[in-house]
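Undergrad: Below: one structure in structure tokens.
There are 2 protein chains.
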Amino acid sequence: MTEKKRSRPAYHQSYEVIRDWILNGVLSAGTKIVEEKIAAELGVSRTPVRESIRKLENEGLIVNKRVVKPSEKDLRNLFQVRILLEGYSARCAASFLGEDELHSLYECVEIARKGTRDEIMNVNERFHEIIVTASNNPVMIDIIDRMQSIIYLFRKTAVFSNRPHLIDEHEQIYQAIKAGDGEKAEILMKNHLQADLDFCLHLM
Amino acid sequence: MTEKKRSRPAYHQSYEVIRDWILNGVLSAGTKIVEEKIAAELGVSRTPVRESIRKLENEGLIVNKRVVKPSEKDLRNLFQVRILLEGYSARCAASFLGEDELHSLYECVEIARKGTRDEIMNVNERFHEIIVTASNNPVMIDIIDRMQSIIYLFRKTAVFSNRPHLIDEHEQIYQAIKAGDGEKAEILMKNHLQADLDFCLHLM
DNA sequence: TTTGTTAATTTTGTATACAATAATTTAAAA
DNA sequence: TTTTAAATTATTGTATACAAAATTAACAAA
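Protein sequences appear in the order of chains B and S.
Note that the working numbering gives residue 167 to position 162 of the first sequence, counting from 1, and the numbers run on in steps of one.
Note that the working numbering gives residue 132 to position 127 of the second sequence, counting from 1, and the numbers run on in steps of one.
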């Protein structure tokens, strides 16, 4: 029936809907975002929609009332930060990752070798998520989370184009972490992200 | 007369006022923030105040409708990120900083040796600002900016207590940058920030 | 055409009213 | 007293109306 989840406030729900519209291309890059129009489509007033938009602006998904269209420079800048933070996280992971998480990490590699595209997308995202969580630093996790939306838009390209060695690189990182070699894990992670960036920029 | 700056929207002005109230201790750590009360004090409606509060929540200056009271762990986490990003920025500065900015950097050191407390606060902030700008990466600059408010609250402690060697460390960093030694600049910056953190935590 | 200017329209910004929820107080029962 | 439940109050969440600003359209002059 027409049951609505009443738990979360409207500004939160509409945030999620709008974000998904952007990530799935329903709202494509460059589209003008008009509060009233979105509000009408969602069946709520402008007030909660306004808040959602502000949050999306914060994440960089909306810029100047338009769906972002990141330039090559934007992506390079984003990845520079990501390389620093995830590189450090990989180093932490080598020291602090527990048995079970280590196993989850390996599963991500395994599934990525034989899964469907959607599965691959998921486990590759999860691979990075496990490592970032190992930093055990909410500030860092939060910053990386904020970048996720744009990274997501971007990563689709890499997987749909089946970048060579991507999974191999994940496996190498996994091995370094398992071996407790933080130095190596960090370097491999940095190179991995740089390769990802270069490959995708090359396609554009 | 009662001239108001009409240029910027109310939500922006009130953001700045509330932020300053927090930074100057007019609103002290733990204080409950109530939209209507703030709105009344500012002579505006809740609508723009609401937006301001959301932005401050974003910066971490308001948490759970209360003025933040960062724990030691919070500060350690924040500084871990700062060390990574500003360390990298210092390395960039060694390669890319121009003559005039280099000179500004030196001025910061000079003034810090003989200025008043307020002047010292200012030039020390500026010292870091110049270096961060040298990263030439808006994403990175933006993240560090977001952390500035909490860092500001924190830095007061360090200067008012006159931490030993603080200016010397700045000068060493300046020298490394001037010499174009990125490796050294990065290491010195990281140590400097770590020392800052440790000193202030020690006082708490 | 192009340019510049005014008018029309759209869109955002702000105030206000009311609804939903959360916090607090009050009062009754154990 | 202490505890619980109900009622009250305070606060946030949402809708709506109107004002201010930005954008677009229309049209006159070069």
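Beta carbons: idealized from backbone N, C-alpha and C, even for Gly.
1. Excluding five sequence neighbours on each side, which residues of the same chain lie with their C-beta closer than 6 Å to the C-beta of B:K60?
2. For B:K37, which of helix, strand or coil comes out of DSSP?
3. Taking its Cβ as the centre, do 16 or more other Cβ atoms sit within 10 Å of B:S140, making it buried, or is it exposed?
4. Is there a C-beta anywhere in chain S that falls below 8 Å from the one on B:V114?
5. Between B:M194 and chain S, is any beta-carbon pair separated by less than 8 Å?
6. Give the secondary structure of B:M209 by DSSP, where H, G and I count as helix, E and B as strand, and everything else as coil.
7. DSSP three-state label for B:V31, please.
8. Under a three-way DSSP split, which group does B:G71 fall into?
9. Less than 8 Å between CB atoms is the rule here; does B:I182 satisfy it with respect to chain S?
10. Tell me the rounded alpha-carbon separation between B:S108 and B:G120.
11. Give the residues of chain B in contact with S:V86, contact being defined as C-beta atoms less than 8 Å apart.
12. Using C-beta distances below 6 Å, list every residue in its chain close to B:C97, excluding the 5 sequence neighbours before and after it, in chain order.
13. Taking only three categories from DSSP, how would you classify S:L66?
14. Taking the straight line between their C-alpha atoms, what separation do you get for S:I172 and S:Y111?
15. Please report the residue range of the alpha helix (DSSP H) in which B:L107 lies.
16. Under 7 Å Cβ to Cβ from S:K10, same chain only, skipping five residues before and after it: list those, please.
17. Quick one: which chain S residues come within Cβ less than 9 Å of B:N129?
18. Is it buried or exposed, B:V39, if we count other Cβ atoms within 10 angstroms and call 16 or more buried?
19. State yes or no: is the beta carbon of S:S82 nearer than 8 Å to at least one beta carbon in chain B?
20. Kindly indicate which three-state DSSP category S:P53 falls into: helix, strand or coil?
21. Looking at the secondary structure, which residues open and close the alpha helix (DSSP H) in which B:H133 lies?
22. Secondary structure at S:S76, three-state DSSP: helix, strand or coil?
TA: On the basis of the supplied data:
1. The beta carbon of B:K60 sits closer than 6 Å to the beta carbons of Y20 from its chain, once the five residues preceding and following it are set aside; these are given in chain order.
2. Of the three classes helix, strand and coil, the one that applies to B:K37 here is strand, per DSSP.
3. Burial call: buried.
4. B:V114 does not count as touching chain S.
5. No, no contact with chain S.
6. In this structure, B:M209 counts as coil in the three-state DSSP scheme.
7. If DSSP states are grouped into helix, strand and coil, B:V31 belongs with coil.
8. Going by the sequence as given, residue 71 of chain B is Arg instead of Gly. In the structure shown, B:R71 sits in a strand (DSSP, three-state: E or B).
9. When Cβ-Cβ separations below 8 Å define contact, B:I182 makes no contact with chain S.
10. Looking at the sequence itself, residue 108 of chain B is His, so the reference to Ser does not match. Approximately 18 Å between the Cα atoms of the pair.
11. Correct list: L90, N142, V144, M145 and I148.
12. Hits under 6 Å: A139 and S140.
13. Coil at S:L66, not helix or strand.
14. Cα atoms of S:I172 and S:Y111: separation of roughly 11 Å, rounded to the nearest angstrom.
15. That run of the alpha helix (DSSP H) goes E104 to K119.
16. Here the model assigns S:K10 a pLDDT of 39, short of 50, so the residue's position is not dependable and the matter cannot be decided.
17. Result: empty, since nearest Cβ-Cβ is about 22 Å, beyond 9 Å.
18. Classification of B:V39: exposed, given that the 10 Å Cβ count is below 16.
19. Here the sequence assigns Asn to residue 82 of chain S, which means Ser is not the residue at that position. For S:N82, at least one C-beta of chain B is nearer than 8 Å to its own C-beta.
20. Note: S:P53 maps to helix in three-state DSSP.
21. First-last of the alpha helix (DSSP H) with B:H133: R122 to T138.
22. Here S:S76 sits in coil by DSSP.
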